[in-house]
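Colleague: Quick mapping for you: the protein sequence lines, in order, are chains A and B.
All letters in the first sequence, in the order written, are residues 1 to 357 by the numbering used here.
All letters in the second sequence, in the order written, are residues 358 to 703 by the numbering used here.
A virtual CB, placed ideally from N, CA and C, is assigned to each residue, including glycine.
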Amino acid sequence: MLSYILRRSLISFFVIFVVISGSFFLVRMMPGNPMQVLYQQLVQQGGLTPQEIDAEIKVYYGLQPHGPLLSQYFQYLADVAQGNFGRSIAVSSATVAHIIKQALPWTVFLSAASLLVTFVLGILIGTIMAAFRKGAMAKVLTLVTSFFSAVPAYVSALILIWQVAAIHHFFPAQGAYSPSVPVGFNLAFIGSVLDHAVLPVTAAVITGFGGWALMMKGSTTSTMGADYIRASKSWGLTQRRITQTYIGRNSMLPIVTNLALALGGLFGGALFIETFFTYPGVAYYMVQAIDNRDYPVMMGCFIVVTTATVLANFLVDLFYPLIDPRIARPGGAARGAAERRKSEAAEQATAQPGVAA
Amino acid sequence: MGSGDAVLEVRNLSVDFALPTTRLRAVDNVSFTVYADDVYALVGESGCGKSTLAAALLDLVPEPGVIASGDVLLRGTNVRSMTADQVRRARMAQIAMVFQAAMSSFNPVVTIGSQVEHVLEAHPEVWPDRREGLEYFDHLLEMVRLPGSRMRGRFESQLSGGMKQRVAIAFACVLKPSILVLDEPTTALDVVNQRLVIDVLKDLREKLGVTVVFVTHDLSVVAELATMVAVMYAGRMVQIAPIDTIFYDRRRHPYVQALLSSIPNVLQPGRAARSIPGQVPRLDQLPPGCRFAPRCPLAEQVCLRDDPELIGDSHHNAVACHPLNRHNSAADGGQELVPGRAVNGA
Ligand SMILES: Nc1ncnc2c1ncn2[C@@H]1O[C@H](COP(=O)(O)OP(=O)(O)OP(=O)(O)O)[C@@H](O)[C@H]1O
Ligand SMILES: [Mg+2]
Numbered sequence: 001m002l003s004y005i006l007r008r009s010l011i012s013f014f015v016i017f018v019v020i021s022g023s024f025f026l027v028r029m030m031p032g033n034p035m036q037v038l039y040q041q042l043v044q045q046g047g048l049t050p051q052e053i054d055a056e057i058k059v060y061y062g063l064q065p066h067g068p069l070l071s072q073y074f075q076y077l078a079d080v081a082q083g084n085f086g087r088s089i090a091v092s093s094a095t096v097a098h099i100i101k102q103a104l105p106w107t108v109f110l111s112a113a114s115l116l117v118t119f120v121l122g123i124l125i126g127t128i129m130a131a132f133r134k135g136a137m138a139k140v141l142t143l144v145t146s147f148f149s150a151v152p153a154y155v156s157a158l159i160l161i162w163q164v165a166a167i168h169h170f171f172p173a174q175g176a177y178s179p180s181v182p183v184g185f186n187l188a189f190i191g192s193v194l195d196h197a198v199l200p201v202t203a204a205v206i207t208g209f210g211g212w213a214l215m216m217k218g219s220t221t222s223t224m225g226a227d228y229i230r231a232s233k234s235w236g237l238t239q240r241r242i243t244q245t246y247i248g249r250n251s252m253l254p255i256v257t258n259l260a261l262a263l264g265g266l267f268g269g270a271l272f273i274e275t276f277f278t279y280p281g282v283a284y285y286m287v288q289a290i291d292n293r294d295y296p297v298m299m300g301c302f303i304v305v306t307t308a309t310v311l312a313n314f315l316v317d318l319f320y321p322l323i324d325p326r327i328a329r330p331g332g333a334a335r336g337a338a339e340r341r342k343s344e345a346a347e348q349a350t351a352q353p354g355v356a357a
Numbered sequence: 358m359g360s361g362d363a364v365l366e367v368r369n370l371s372v373d374f375a376l377p378t379t380r381l382r383a384v385d386n387v388s389f390t391v392y393a394d395d396v397y398a399l400v401g402e403s404g405c406g407k408s409t410l411a412a413a414l415l416d417l418v419p420e421p422g423v424i425a426s427g428d429v430l431l432r433g434t435n436v437r438s439m440t441a442d443q444v445r446r447a448r449m450a451q452i453a454m455v456f457q458a459a460m461s462s463f464n465p466v467v468t469i470g471s472q473v474e475h476v477l478e479a480h481p482e483v484w485p486d487r488r489e490g491l492e493y494f495d496h497l498l499e500m501v502r503l504p505g506s507r508m509r510g511r512f513e514s515q516l517s518g519g520m521k522q523r524v525a526i527a528f529a530c531v532l533k534p535s536i537l538v539l540d541e542p543t544t545a546l547d548v549v550n551q552r553l554v555i556d557v558l559k560d561l562r563e564k565l566g567v568t569v570v571f572v573t574h575d576l577s578v579v580a581e582l583a584t585m586v587a588v589m590y591a592g593r594m595v596q597i598a599p600i601d602t603i604f605y606d607r608r609r610h611p612y613v614q615a616l617l618s619s620i621p622n623v624l625q626p627g628r629a630a631r632s633i634p635g636q637v638p639r640l641d642q643l644p645p646g647c648r649f650a651p652r653c654p655l656a657e658q659v660c661l662r663d664d665p666e667l668i669g670d671s672h673h674n675a676v677a678c679h680p681l682n683r684h685n686s687a688a689d690g691g692q693e694l695v696p697g698r699a700v701n702g703a
């Protein structure tokens, strides 16, 4: 078990390291190196000595613009390790770390709420579809869920904004809370936060729940056809026991794997939702940064989002053995099974659009 | 050969698979009786309906299968008129089943020991004290030549195929059933494990007094273990007979003869094995007369035209074959049948 955790942590660290390095070199290799662009701009503005320009750039990027690439790279790694991502170019007087610190809780809140509602609703509907898979209701539900999971996120978001917010004014369609309430732990503020979350969450749920429901239906149906289910019936077990421990636990396995993958894809989904609902999360700032060519913010957000994804996957890897004991066992076979399961789940997820969104 | 009480009696049992377009009768009007002292073998080629019949005993036919008609009597009590809960209680406590897919008949995410506990919990009347039930399971594991206490903590994936088969057998005995039904208990195993399973079954029968009913297409296992043999062909029972009749008497069904000839070294060592020409007919394309007639070296005009009845005493000795039954009724001797008038040639 310990070696399993160690192995997983090492892999996670490695992935994060690759992401940070990748984002550094990627931005550095972009045509019109952004640091050079800023340098040129400052030169053209005039009035600054070359030393002053270098100092200015160092403030934004935390780097010497003229140093060798490799020493810039090590400087960047050291800065990031200390939580220093440089300074925003577009938003004056804001460090990237500060922007992220403000935005991250909103992204986490909105994503977690969306995933929770999507997941619970999808699992419920999927279970119903599997349990009554021969009835007319299952057919109707399958049709409805397939339809909804085929609707792209931006369509449902636009319809919601237009119908629910613009025409009927049921719920606000912008921001995370009303500027008129005092920020803090009070009822008015919490109410306002929830009020503002309704539309973004609904938009995410509409596109997301169908995928979960269909996946749950498929997983449950195939588990119900497994040999050990028929065996457990021949043992005279009670229906309750069979449903809970034999069908339930086994059909949840691929779902939990997909939940892990969804945790990763979650922030990708936030991109759409936060942009459409002007919700001040990391993804919103990232999109803004891209529009403004605000490279330090862009890189910072990118690193945070990917690190969060890797951490989420690490946590799932950590808890997965609790539900599927085959995984943490030493020996190649078990690992093979785990990885096979995971790649199967990944295939399912890609085959069903809208699951992770 | 049938003595003691009748522990299991099957009367005119038919099982249908209701497919979208047709209804296939996988088990057709089958009757037989198993007595306490029997080791009962159910024999036939692949697709003859053996597994379906075994599953029907406990009302476990997989969808879209349904029991169309007939009765299953457990010590005189009709399973078909029991309530759902009574059937549930009878399962494993009276008839325990080891499925053909014994390799995958344990829940992969729960230990073997917990699954035993689930069984004990579902049948509190058998082992009111669950600890005793678990100890009995350890004892059974030792009887199947496995280290008792160490198996309980294991998951199914931690057992080899041969171990799984024996764990499944021990598992099936934990409620002290009167009948143990095993579907192809030796088929997926290597010879060493086959030997082991056969020895284990002999042991269980002797020491626990459980009546063993097993399904197989391997006549060498039958020769070793069985006292009674029921032979199925395309959903029908074609012969029911004591083991001696099957192996040493000439009044065996031509299909049984063909099965025997297809196995090397059972009757005459050194003689080459002959596979049976043709195939079991599909259930939606059954021939009009005897179902075996198209492949039968003894087939006559009447065989192609009329369906033979199972004639004799379906408890002990009966056969469904026109030439054989005419021959039996003409003279009770054991003369060999000569395929003289056979339409298929020899
Ligand atoms: N789920 C099903 N749907 C439709 N037909 C089925 C189903 N299961 C079995 N059958 C049919 O019932 C017949 C008997 O099948 P069964 O599995 O009982 O045969 P078997 O004698 O056990 O063969 P084997 O030696 O291969 O296990 C076969 O013709 C098969 O096609
Ligand atoms: Mg079978």
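(1) Which of the residues in the segment 461-485 of chain B, read from start to end, lie with their CB under 9 Å from any CB of chain A?
(2) Fully enclosed by the segment 184-265 of chain A, which alpha helix (DSSP H) runs are 4 residues long or longer?
(3) Rounded to whole angstroms, what is the Cα-Cα separation between residue 442 of chain B and residue 416 of chain B?
(4) Cα separation between residue 571 of chain B and residue 305 of chain A?
(5) Using the Cα positions of residue 34 of chain A and residue 143 of chain A, report the straight-line distance between them to the nearest angstrom.
(6) Less than 6 Å between C-beta atoms, sequence neighbours within five positions excluded: which residues of the same chain meet that for residue 383 of chain B?
(7) Does residue 419 of chain B come within less than 8 Å of chain A when only Cβ atoms are used?
(8) Could you have a look at residue 332 of chain A and say whether DSSP puts it in helix, strand or coil?
(9) Could you please give me the residues that DSSP links to residue 482 of chain B through a beta bridge?
(10) In chain B, which residues lie with their C-beta within 8 Å of the C-beta of residue 250 of chain A?
(11) Three-state secondary structure (DSSP) at residue 351 of chain A?
(12) Quick one: any contact between the segment 157-170 of chain A and the segment 220-234 of chain A, if contact means 3 or more CB pairs under 8 Å?
(13) Return no unless some Cβ of chain B is closer than 8 Å to the Cβ of residue 195 of chain A.
(14) Helix or strand or just coil, what does DSSP make of residue 313 of chain A?
(15) With hydrogens ignored, establish whether the beta-carbon of residue 402 of chain B is closer than 7 Å to any heavy atom of ligand 2.
(16) For residue 408 of chain B, is the beta carbon positioned less than 7 Å from some heavy atom of ligand 2?
(17) Indicate the three-state DSSP secondary structure (helix, strand or coil) for residue 631 of chain B in the structure shown.
(18) In chain order, what residues of the segment 558-571 of chain B put their CB closer than 7 Å to some CB of chain A?
(19) Inspect the beta-carbon positions of residue 449 of chain B and residue 534 of chain B and report whether they are closer than 8 Å.
(20) Compare the C-beta of residue 450 of chain B with all C-beta atoms of chain A and state if any pair is closer than 8 Å.
(21) Would you list the one or two residues that DSSP bridges to residue 279 of chain A?
(22) Looking at residue 558 of chain B and residue 569 of chain B, is the spacing between their C-beta atoms short of 8 Å?
(23) Applying a beta-carbon distance threshold of less than 8 Å, which residues of chain B neighbour residue 104 of chain A?
(24) Taking a cut of 8 Å between CB atoms, which residues from the segment 229-258 of chain A lie near chain B?
(25) Using a Cβ cut-off of 9 Å, pull out every chain B residue sitting near residue 369 of chain A, in sequence order please.
(26) In angstroms with no decimal places, state the Cα-to-Cα distance between residue 544 of chain B and residue 399 of chain B.
(27) Let's see if you can read the secondary structure: which residues bound the alpha helix (DSSP H) around residue 577 of chain B?
(28) Does the Cβ of residue 301 of chain A lie closer than 7 Å to at least one heavy atom of ligand 1?
(29) Quick check: is the beta carbon of residue 445 of chain B nearer than 8 Å to any beta carbon in chain A?
(30) Cutting at 6 Å between CB atoms, please list the residues of its own chain near residue 453 of chain B, excluding the five before and the five after it.
(31) Take residue 330 of chain A and list the residues in its own chain whose beta-carbon comes closer than 6 Å to its own, dropping the five residues that flank it on each side.
(32) What does a CB cutoff of less than 8 Å around residue 357 of chain A pick up in its chain, not counting 5 residues either side in sequence?
(33) Is it the case that the segment 34-45 of chain A contacts the segment 54-61 of chain A, given that we only count it when at least three CB pairs across the two stretches are under 8 Å?
(34) Of the choices A:239, A:290 and A:297, whose alpha-carbon is the least far from that of residue 479 of chain B?
(35) Does any CB atom of chain A fall closer than 8 Å to the CB of residue 454 of chain B?
(36) Can you pull the chain B residues whose beta carbon is under 7 Å from the beta carbon of residue 227 of chain A, in chain order?
Modeller: Here's the rundown:
(1) 461, 462, 463, 464, 465, 466, 467, 468, 471, 472, 475, 476, 478, 479 and 480
(2) 187-224 and 227-234
(3) 12 Å
(4) 60 Å
(5) 49 Å
(6) 372, 374, 406, 409 and 592
(7) yes
(8) The predicted model places residue 332 of chain A with a pLDDT of 36, which falls under 50 and marks its position as unreliable; any figure quoted below should be read in that light. Residue 332 of chain A falls in the helix class under three-state DSSP.
(9) The partner list for residue 482 of chain B (beta bridge, DSSP) is empty, contrary to what the question assumes.
(10) 464, 465 and 466
(11) Confidence is the limiting factor: at residue 351 of chain A the pLDDT is only 39, short of 50, which leaves the residue's position unreliable and the question unanswerable from this model.
(12) no
(13) no
(14) helix
(15) no
(16) yes
(17) coil
(18) none
(19) yes
(20) yes
(21) For residue 279 of chain A, which the question treats as bridged, DSSP gives no partner whatsoever.
(22) yes
(23) Those do not exist, as residue 104 of chain A stays about 35 Å from chain B at its closest Cβ, beyond 8 Å.
(24) 230, 231, 232, 233, 234, 235, 236, 237, 238, 241, 245, 246, 249, 250 and 253
(25) The requested residue 369 of chain A does not occur in the structure, where chain A is confined to residues 1 to 357.
(26) 14 Å
(27) 576-582
(28) no
(29) yes
(30) 529, 534 and 537
(31) Bear in mind that a pLDDT of 46 at residue 330 of chain A, under 50, signals an unreliable position, so the model cannot answer this.
(32) Residue confidence for residue 357 of chain A is low, a pLDDT of 32 falling below 50, so the modelled location carries little weight and cannot support an answer.
(33) yes
(34) A:239
(35) yes
(36) 456, 458, 461 and 462
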